[in-house]
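Student:
There are 2 protein chains.
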Amino acid sequence: FDGFAVDLVPCFRVERAADVRSAVDRTPFHTWYLDSRLDAALAADVRLAKAFLSTIGVYGSDLRTRGFSGYLVELLVCEHGAFRSLLAAAADWRPPVRFDPEGHGDARRESFDDPLVVVDPTDPGRNVAAVLSTANLARFQHYARDLLVDPRESAFVADPPTPLAADEVRAEIEHRGTIPVAVRFDAPDLVADQLYPQLERSRRGVAEALDRRGFDPLRSAAFADDSAALFVELAVAERPAIERHEGPPVSAREHATAFHEKYADTDCYGPFIDGGRYVVERERTFPSPRTFLESDALFDVALGADVERALAAGYTVLVGEETARLADEFGAELARHFAPKP
Amino acid sequence: FDGFAVDLVPCFRVERAADVRSAVDRTPFHTWYLDSRLDAALAADVRLAKAFLSTIGVYGSDLRTRGFSGYLVELLVCEHGAFRSLLAAAADWRPPVRFDPEGHGDARRESFDDPLVVVDPTDPGRNVAAVLSTANLARFQHYARDLLVDPRESAFVADPPTPLAADEVRAEIEHRGTIPVAVRFDAPDLVADQLYPQLERSRRGVAEALDRRGFDPLRSAAFADDSAALFVELAVAERPAIERHEGPPVSAREHATAFHEKYADTDCYGPFIDGGRYVVERERTFPSPRTFLESDALFDVALGADVERALAAGYTVLVGEETARLADEFGAELARHFAPKP
């Protein structure tokens, strides 16, 4: 329409926002509420705030961004009277921070354990900032302080990182002396709000599994485009052929005897005694991250259901410099990983 | 005398064992006490018990052995009426275990937190088993069960390990896939009761320091003869060039700003935000065990005073296969380390 694409979204007409039957049913209430409160000056500050949050990457309440929704920004600007006052206040926030524009009171306060709580003026049971992550709130505080110290137009213009080329990724790995690993697979065909929570869950699961096996993850990230990648940068490349396995206290006769009998005539080292316990050193199942990632044990990790299905259909394990191959598709993501900013 | 070497040890004559002025003043009281209780059969069982404990390496209350003193064995055999009854009882002990042959009572019980307590019949304030280590008590329990299952004369004949040669040490390292390191220096000229506690303290200090720096010690030992060695077998050979360093929560404005300013224009990666905190990845001081062990930071470790002095006079750091050189002096100790028994 007139050069713009227009989405028409139908909703139920309900009596009160608390009676919503679909997520969008709240929108008319939000519009009515703000129409009566936003004048031209506040509306201009709202636009400024949205541009700023967008630039620092925390605008949007979708589950990929986990940032500030439009409505949340509008309420925060109203609450503080201006964008600049919001910045000044945010610079000093000590989460958890709570706003309750319509004074709905503490009745349901216990149910919000989010770092930022803004009680919905049209629905006292709802925290408008529920989806905002702790890290994104901290980001807003960081950049608010930064802008107050040095107010400048460029803070409202996105400055996306230059994607890294494969040889630049290799140079970073060499410089950091780390061992990045990646599991790469076909991205499940899902909307972002379904895909990213699953990728996040899978990333955390794989990183924790590598941690438990002694490979000491430094940082990790999940990427998605045509393919998807769970990327974990490790501090440890290799574990010994053996691992320590602690048995029961020798004084717990029944368990101790069973443990001793189980391991006495095996290839293990021991049983020997450390403190008051039996200990053996037995063959380690996964002496390298690759042996773990290529094994079926990967599927014991808590993965998202669609990610698990995608992995079952096939995946590639990249270790060390091999991860530089991800640069063809995820150069920008790798640039962000290797030059991390707040 | 008559083919035996005799040590004459003078002592103070005191009225009661509790009034001792030197450690040996108790001996006459112990002798009087046992003379009235040990008959020929019990005395034979005491000799058997001592031979057995000696064979399994836990006889002696010196601070190297930290085992059973002669007097302790005598009291335990008296208490149980026979060596075999002692074995049967010990097999079921659940430490802490307490004996009080003369019923001195609980008055001072709180002051003993040793795994085995035998209240001295001649001095209620003293635990005869105070020096016995948890591991050696567990060893006794293990071998007691073993002997009860399979009574045999050979259990009373020591079977010392065949010392490992250097190439055998190298083969073990290869097989285990570990990274042994050693700090070797001239053994301080001290009696064993002073030397071994210092070595033990130093061994623990060095192992903990390597652990804190991410090299994950698997086991460690201290050796002493002409030279001395603190030997730590590591699971991790190398750490990245960088290390994670967590800063304050971004919301703690003053600390957060100071942290950000400190690291913002340095060679560090970051500051970036993880959870609600600033984090940087900065250059790691000790990327390998050798860099740590050869640095002055070794002297920040809790070392025994004489060990510290000996190290200050000079030491050698051995890493990986280089530790095989220890076999010329400590082949038996290395055999025990690489073929650990209860």
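As you go down the protein sequences, you meet chains A and B in turn. The first sequence begins at 21 in my numbering and counts up by one. The second sequence begins at 21 in my numbering and counts up by one. Ideal placement from N, C-alpha and C gives every residue a C-beta, glycine not left out. Model, not experiment: these values are computed from the prediction.
At the level of alpha carbons, what is the spacing between Pro180/A and Gly77/A?
Tutor: Spanning the two alpha carbons is a distance of roughly 10 Å.
Student: Taking 8 Å as the CB-CB limit, is Gly17/A close to chain B?
Tutor: Nothing can be reported for residue 17/A, as the shown portion of chain A is limited to 21 through 362.
Student: Need the endpoints of the beta strand (DSSP E) that Gly267/A sits in, please.
Tutor: Taken as a continuous stretch (DSSP letters only), the beta strand (DSSP E) holding Gly267/A covers 262–269.
Student: So Lys361/A contacts chain B; which residues on that side make the cut at Cβ distance below 7 Å?
Tutor: Phe292, listed in chain order.
Student: In the DSSP assignment, what residue or residues form a beta bridge with Arg259/A?
Tutor: Looking at the DSSP assignment, Arg259/A forms no beta bridge with any residue, so it has no partner.
Student: Put Ser368/B into one of helix, strand or coil per three-state DSSP.
Tutor: One cannot answer for residue 368/B here, as it falls past the ends of chain B, which runs 21 to 362.
Student: Within 8 Å, do at least three Cβ pairs link the region 334–342 of chain B to the region 222–237 of chain B?
Tutor: With the cut-off at 8 Å, the region 222–237 of chain B and the region 334–342 of chain B do not touch.
Student: According to DSSP, is Thr286/B helix, strand or coil?
Tutor: Of the three classes helix, strand and coil, the one that applies to Thr286/B here is coil, per DSSP.
Student: Using the beta-carbon of each residue, which ones in chain B are nearer than 9 Å to Ser240/A?
Tutor: The contacting residues do not exist; Ser240/A stays about 11 Å from chain B at best.
Student: How about Thr311/A: is its C-beta nearer than 8 Å to some C-beta of chain B?
Tutor: Cβ-Cβ to chain B under 8 Å: no for Thr311/A.
Student: Any beta-carbon of chain B closer than 8 Å to the one on Asp112/A?
Tutor: Closer than 8 Å to some Cβ of chain B, the Cβ of Asp112/A qualifies, so yes.
Student: What are the start and end residues of each continuous beta strand (DSSP E) run of 3 or more residues lying completely inside the region 135–188 of chain A, in chain order?
Tutor: Qualifying beta strand (DSSP E) stretches, in chain order: 136–140, 143–147.
Student: Measuring only between beta-carbons, confirm whether Arg159/A sits less than 8 Å from chain B.
Tutor: At least one chain B Cβ lies under 8 Å of Arg159/A.
Student: Threshold first: 4 residues or longer. Then list the alpha helix (DSSP H) segments lying entirely within the region 73–139 of chain A, N to C.
Tutor: Runs found: 90–100, 103–112.
Student: Of the choices Asp316/A, Leu219/A, Gly351/A, whose alpha-carbon is the least far from that of Ala325/A?
Tutor: The option with the nearest alpha carbon to Ala325/A is Leu219/A.
Student: Between Phe132/B and Asn156/B, how many whole angstroms is the CB-CB distance? I'm expecting something under 8 Å.
Tutor: That belief does not hold up - the Cβ atoms of Phe132/B and Asn156/B are roughly 17 Å apart, past 8 Å.
Student: Which value, in whole angstroms, describes the spacing of the CA atoms of Ser240/A and Val252/A?
Tutor: Spanning the two alpha carbons is a distance of roughly 4 Å.
Student: For a cutoff of 8 Å on Cβ pairs, would you count Ile364/A as touching chain B?
Tutor: The structure shown has nothing for residue 364/A, since chain A only spans 21 to 362.
Student: Closest to Thr85/B by C-alpha separation, out of Val151/B, Pro291/B, Tyr53/B, would be which residue?
Tutor: Of the candidates Val151/B, Pro291/B, Tyr53/B, the one whose C-alpha sits nearest the C-alpha of Thr85/B is Val151/B.
Student: Just by C-beta distance, which residues in the region 136–150 of chain A are closer than 7 Å to chain B?
Tutor: Correct list: empty, as no residue qualifies.
Student: For a test of the three-state rule: what should DSSP assign to Asp206/A, helix, strand or coil?
Tutor: Reduced to three states, the DSSP call for Asp206/A is strand.
Student: Is the beta carbon of Val97/A closer than 8 Å to that of Ala60/A?
Tutor: Going by C-beta atoms, Ala60/A is not nearer than 8 Å to Val97/A.
Student: Considering only C-alpha positions, which residue in the set Ala164/A, Leu184/A, Ala185/A, His100/A is nearest to Ala175/A?
Tutor: Looking at the Cα atoms, Ala164/A is the closest of the given residues.
Student: Suppose contacts are defined by Cβ-Cβ distances below 8 Å. Is Cys31/B in contact with Asp22/B by that definition?
Tutor: It is not a contact, given that the beta carbons lie outside the stated cut-off.
Student: At what residue ranges does the region 287–338 of chain B contain a whole run of the alpha helix (DSSP H), taking only runs of 4 or more?
Tutor: Runs of the alpha helix (DSSP H) inside the region 287–338 of chain B: 309–313, 325–332.
Student: Over the uninterrupted beta strand (DSSP E) stretch that includes Glu220/B, give me the two end residues.
Tutor: From DSSP, Glu220/B is part of no beta strand (DSSP E) but of the alpha helix (DSSP H) over 212–232.
Student: Ends of the alpha helix (DSSP H) at Ser253/B?
Tutor: The identity of residue 253/B in the sequence shown is Glu, whereas the question assumes Ser. Run containing Glu253/B: none in the alpha helix (DSSP H); it sits in the beta strand (DSSP E), 247–254.
Student: Of all the CB atoms in chain E, is at least one closer than 8 Å to the CB of Pro115/A?
Tutor: Chain labels in this structure do not include chain E; the protein chains are A and B.
Student: What residues in its chain sit with their C-beta under 8 Å from that of Ala255/B, if we drop five residues either side in the sequence?
Tutor: Hits under 8 Å: Thr198, Ile199, Phe235, Asp236, Pro237, Leu238.
Student: In chain order, what residues of the region 183–197 of chain B put their CB closer than 8 Å to some CB of chain A?
Tutor: If the cut-off is 8 Å between Cβ atoms, the region 183–197 of chain B has His195, Arg196, Gly197 near chain A.
Student: For Leu331/A, count the other beta carbons within 10 Å of its own beta carbon; 16 or more makes it buried, fewer makes it exposed. Which is it?
Tutor: By the 10 Å Cβ count, Leu331/A comes out buried.
Student: Can you pull the chain A neighbours of Pro307/B, defined as C-beta to C-beta under 8 Å?
Tutor: Those are Gly197, listed as they occur along chain A.
Student: Just checking my contact of Ala186/A with Ala347/A at CB under 8 Å: how many whole Å lie between their CB atoms?
Tutor: Contact holds; Cβ gap of about 4 Å.
Student: Note down, in chain order, each residue of its chain lying with its Cβ closer than 6 Å to the Cβ of Arg57/B, except the 5 sequence neighbours on either side.
Tutor: Answer for Arg57/B: Cys98, listed in chain order.
Student: With a threshold of 16 other CB atoms inside 10 Å of the CB of Arg114/B, please say whether the residue is buried or exposed.
Tutor: Its Cβ having fewer than 16 others within 10 Å, Arg114/B is exposed.
Student: Taking a contact to mean a Cβ-Cβ separation below 8 Å, would you say Ala276/A touches Pro269/A in this structure?
Tutor: Yes, the pair counts as a contact, with Cβ atoms nearer than the cut-off.
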